[in-house]
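The UniProt record's numbering runs 3 ahead of the 1-based position in the sequence shown.
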Amino acid sequence: SYPIDVDTIRADFPILQRRVGGDISTPGEDEDDTVPLVYLDNAATSQTPKQVVESIVDYYYGYNSNVHRGIHSLSQEASVAYEDAHDRVAEFIGASGREEVVFTKNTTEAMNLVAYAWGLNELGPGDSVVLTEMEHHASLVTWQQICKRTGAEARFIRIDDDGRLDMDHATELIDDSTKMVSVVHVSNTLGTVNPVADLADLAHDVGAYIFVDGAQSVPTRPVDVKEIDADFFAFSGHKMCGPTGIGALYGKQEILEEMDPYLYGGDMIRRVSYEDSSWEDLPWKFEAGTPPIAQGIAFAAAVDYLDDIGMENVQAHEELLAEYAYDRLSEFDDIEIYGPPGDDRGGLVAFNLDGVHAHDLSSILNEQGVAIRAGDHCTQPLHDKLGAAASTRASFYIYNKKEEIDALVEGLEVARDLFA
Ligand code: PMP
Numbered sequence: 004s005y006p007i008d009v010d011t012i013r014a015d016f017p018i019l020q021r022r023v024g025g026d027i028s029t030p031g032e033d034e035d036d037t038v039p040l041v042y043l044d045n046a047a048t049s050q051t052p053k054q055v056v057e058s059i060v061d062y063y064y065g066y067n068s069n070v071h072r073g074i075h076s077l078s079q080e081a082s083v084a085y086e087d088a089h090d091r092v093a094e095f096i097g098a099s100g101r102e103e104v105v106f107t108k109n110t111t112e113a114m115n116l117v118a119y120a121w122g123l124n125e126l127g128p129g130d131s132v133v134l135t136e137m138e139h140h141a142s143l144v145t146w147q148q149i150c151k152r153t154g155a156e157a158r159f160i161r162i163d164d165d166g167r168l169d170m171d172h173a174t175e176l177i178d179d180s181t182k183m184v185s186v187v188h189v190s191n192t193l194g195t196v197n198p199v200a201d202l203a204d205l206a207h208d209v210g211a212y213i214f215v216d217g218a219q220s221v222p223t224r225p226v227d228v229k230e231i232d233a234d235f236f237a238f239s240g241h242k243m244c245g246p247t248g249i250g251a252l253y254g255k256q257e258i259l260e261e262m263d264p265y266l267y268g269g270d271m272i273r274r275v276s277y278e279d280s281s282w283e284d285l286p287w288k289f290e291a292g293t294p295p296i297a298q299g300i301a302f303a304a305a306v307d308y309l310d311d312i313g314m315e316n317v318q319a320h321e322e323l324l325a326e327y328a329y330d331r332l333s334e335f336d337d338i339e340i341y342g343p344p345g346d347d348r349g350g351l352v353a354f355n356l357d358g359v360h361a362h363d364l365s366s367i368l369n370e371q372g373v374a375i376r377a378g379d380h381c382t383q384p385l386h387d388k389l390g391a392a393a394s395t396r397a398s399f400y401i402y403n404k405k406e407e408i409d410a411l412v413e414g415l416e417v418a419r420d421l422f423a
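In structure tokens, the structure reads:
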């Protein structure tokens, strides 16, 4: 009944076999009061399959070495694998090649790279940066602070009652003063899938760039940056079966060529004298110092893993689970769900149960092995707008099953009995 073979996939993720909970004050006692893990916190970080972990082990056991400057065999092998990983990630998102993909620590760093290297130079009084009310702090705080430093104005596209962007308002806000439109592709709180290609058209009509935050979209659906016509696009490895410490910034080659470096140092230079320096080719110009070599190689392994499943299938699975969760949670009058209807959202559902704080709910669920996120999900202004200090978010990935959503709903019933 699933678009993908969930049981086969689950076998690739040893962590899903573990149990959690139990009374740690009585170690060694026979009684096993632990429960199976139900991992529904995938929008924060996905789990890592054996194939990806093995790529890291292979690197450290087989050819660990610094890249780019070595003549010896290990360095050559590491360089080829690390550089090829850029091509592999580029191919995955429809970029033309490694020159358009800079490896960063995560989405946040990719956003800051553009804000510092482009924003500080190009923005000034009279300019505007257009964001949405549903931006993650990664883009909201970054552009807000760059605007403060440059005198540019930050504007926010409104959302409607269903958590969708008001496109009339977008058309109004994006005007001749606009130099950058920075929008989240799939909202990590509302689950809204934004019309980023339409927003790209609006941006380009006034000569502005568009930066798409793909942290929740690249892991969960097919993405083609050229089809969107994004100027910049960012995502994180740890949300798509990859390790932490690695993410990517896509940028159109001609824009990246024009941009100054963000970090200076070794590896990013071509020629240095005491007086001046020149820069290495793309993407290395933006990767100063020893890069995250193992993580970059493992990032490519994660992309291979997802490609084997097929991103259309991943998307279908996400949508199936999102709709199921939405429907199950909608059965209760005392649950408020945020964002668009169940058949029109990414694979996550944020909600509140009347009379129970999200953190209390999360602790009760944790006792039952259900891992979900409670808090503001790095969207504080959006939560203010929703009139909620916090919310509880369940988010799904390729190894989740409907039974796990049933476990979540059972947990909610326990919490209701305890608190409400
Ligand atoms: N944008 C969105 C929409 C996200 O969901 C996240 C992760 N919560 C980020 C940006 C930031 O990602 P990272 O922490 O990997 O930089």
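For glycine and all other residues, C-beta sits at the position ideal for the given N, C-alpha and C.
Exercise. What do you reckon, is the C-beta of H139 under 7 Å from a heavy atom of ligand 1?
Worked result: The count along the sequence shown starts at 1 and reaches residue 139 at position 136. At least one heavy atom of ligand 1 is nearer than 7 Å to the Cβ of H139, so yes.
Problem set entry | residue 3 classed as buried or exposed, judged by whether at least 16 other C-beta atoms fall within 10 angstroms | In this structure the chain extends from 4 to 423, so residue 3 is not present and cannot be described.
Exercise. Assuming I160 contacts A203 under a Cβ cut-off of 8 Å, what Cβ separation, rounded to an integer in Å, is found between them?
Worked result: Here residue 160 is taken as the residue at index 157 of the sequence shown, counted from 1. Here residue 203 is taken as the residue at index 200 of the sequence shown, counted from 1. Actually they are not in contact, since the Cβ atoms of I160 and A203 sit about 14 Å apart, beyond 8 Å.
Exercise. For the candidate residues P246, L285, R274, whose alpha-carbon lies nearest to that of T259?
Worked result: Translated into positions along the sequence shown, residue 259 becomes position 256. Position check: residue 259 holds Leu in this sequence, whereas Thr was assumed. When only C-alpha atoms are compared, the closest one is L285.
For this session: Name the two residues that bound the continuous beta strand (DSSP E) containing C183.
Result: Position 180 of the sequence shown, counted from the first residue, corresponds to residue 183. According to the sequence shown, residue 183 is Met rather than Cys. Unbroken beta strand (DSSP E) run through M183: 181-187.
Exercise. Comparing the CB of T293 with every heavy atom of ligand 1, is any distance shorter than 7 Å?
Worked result: The sequence position of residue 293 within the sequence shown is 290, counting from 1. Relative to the non-hydrogen atoms of ligand 1, the Cβ of T293 never comes closer than 7 Å to any of them.
Exercise. Quick one, which of D35, V70, V9, Y62 has its alpha-carbon nearest T293's?
Worked result: Translated into the one-based positions of the sequence shown, residue 293 becomes position 290. Selected option, being the one with the closest Cα: V70.
Exercise. With a cut-off of 8 Å, does the C-beta of D232 fall near any C-beta of chain E?
Worked result: The chain labelled as chain E is not found in the depicted structure, where only one protein chain is given.
Exercise. What are the boundary residues of the alpha helix (DSSP H) that S68 is part of?
Worked result: For this step, residue 68 is matched to residue 65 along the sequence shown. Looking at the DSSP string, S68 is not in any alpha helix (DSSP H), and its letter there is neither H nor E.
For this session: Look at the alpha carbon of I340 and the alpha carbon of A237, and state the distance between them as a whole number of angstroms.
Result: Translated into the one-based positions of the sequence shown, residue 340 becomes position 337. Translated into the one-based positions of the sequence shown, residue 237 becomes position 234. Each residue's alpha carbon lies about 28 Å from the other.
Exercise. Would you report the Cα separation of residue 482 and V83, rounded to the nearest angstrom?
Worked result: Since the displayed the chain opens at 4 and closes at 423, residue 482 lies outside it and no answer follows.
Exercise. Where do the ends of the beta strand (DSSP E) carrying P39 lie?
Worked result: Taking the first residue of the sequence shown as position 1, residue 39 is located at position 36. Counting along the chain, the beta strand (DSSP E) containing P39 begins and ends at 37-39.
For this session: Below 7 Å CB to CB, which residues in the same chain sit around I59 once its five sequence neighbours on both sides are set aside?
Result: Taking the sequence shown and counting its residues from 1, the one referred to as residue 59 is at position 56. Answer for I59: P246, A297, A301, listed in chain order.
Exercise. Under the criterion of a Cβ to heavy atom distance below 7 Å, does S239 qualify as lining ligand 1?
Worked result: Looking up residue 239 in the sequence shown gives position 236. Yes.
For this session: Output the boundary residues of the alpha helix (DSSP H) element that contains L309.
Result: To locate residue 309, count along the sequence shown from 1; it is residue 306. Unbroken alpha helix (DSSP H) run through L309: 296-312.
Exercise. So does N69 have its beta carbon nearer than 7 Å to some heavy atom of ligand 1?
Worked result: Position 66 of the sequence shown, counted from the start, is the residue given in the question as residue 69. For N69, the distance from the CB to the nearest heavy atom of ligand 1 is not below 7 Å.
For this session: Return the residue from the list C150, V117, E136, M170 that minimises the CA-CA distance to D130.
Result: The sequence position of residue 130 within the sequence shown is 127, counting from 1. With distances taken between Cα atoms, D130 lies closest to C150.
For this session: Grab the span of the alpha helix (DSSP H) containing E416 for me, first residue to last.
Result: As a first step, residue 416 must be located in the sequence shown, where it is residue number 413. Residues 405-422.
For this session: With DSSP as the reference, label I59 as helix, strand or coil.
Result: The count along the sequence shown starts at 1 and reaches residue 59 at position 56. In this structure, I59 counts as helix in the three-state DSSP scheme.
Problem set entry | Check: T110 C-beta below 7 Å from any heavy atom of ligand 1 | Here the question's residue 110 lines up with position 107 in the sequence shown. At a cut-off of 7 Å, the beta-carbon of T110 counts as near ligand 1: some heavy atom of the ligand is closer than that.
For this session: Measure from the alpha carbon of Y119 to the alpha carbon of each residue in T153, V92, V55, P343, then state which is nearest.
Result: Residue 119 sits at position 116 when you count from the first residue of the sequence shown. Closest by alpha carbon: T153.
Exercise. Under the DSSP definition of a beta bridge, which residues are partnered with Y341?
Worked result: In the sequence shown, counting from the first residue as 1, residue 341 sits at position 338. Beta bridge pairing from DSSP links Y341 with A353.
Exercise. P128 to K182, Cα distance in whole Å?
Worked result: Within the sequence shown, numbered from 1, the residue matching residue 128 stands at position 125. Within the sequence shown, numbered from 1, the residue matching residue 182 stands at position 179. In this structure, the straight-line span from the alpha carbon of P128 to that of K182 is close to 11 Å.
Exercise. Based on the DSSP secondary-structure assignment, which residues constitute the bridge partners of F235?
Worked result: Sequence index remark: in the sequence shown, residue 235 carries index 232 (1-based). Paired residue(s): F214, G254.
Exercise. Is DSSP giving F95 helix, strand or coil here?
Worked result: Within the sequence shown, residue 95 is the residue found at index 92, counting from 1. Helix.
For this session: Identify every residue that forms a DSSP beta bridge with Y42.
Result: Stepping through the sequence shown from its first residue, residue 42 is reached at position 39. According to DSSP, Y42 bridges with A374.
For this session: Examine ligand 1 and report whether any of its heavy atoms sits within less than 7 Å of the Cβ of G250.
Result: Working through the sequence shown from its first residue, we reach residue 250 at position 247. At least one heavy atom of ligand 1 lies closer than 7 Å to the C-beta of G250.
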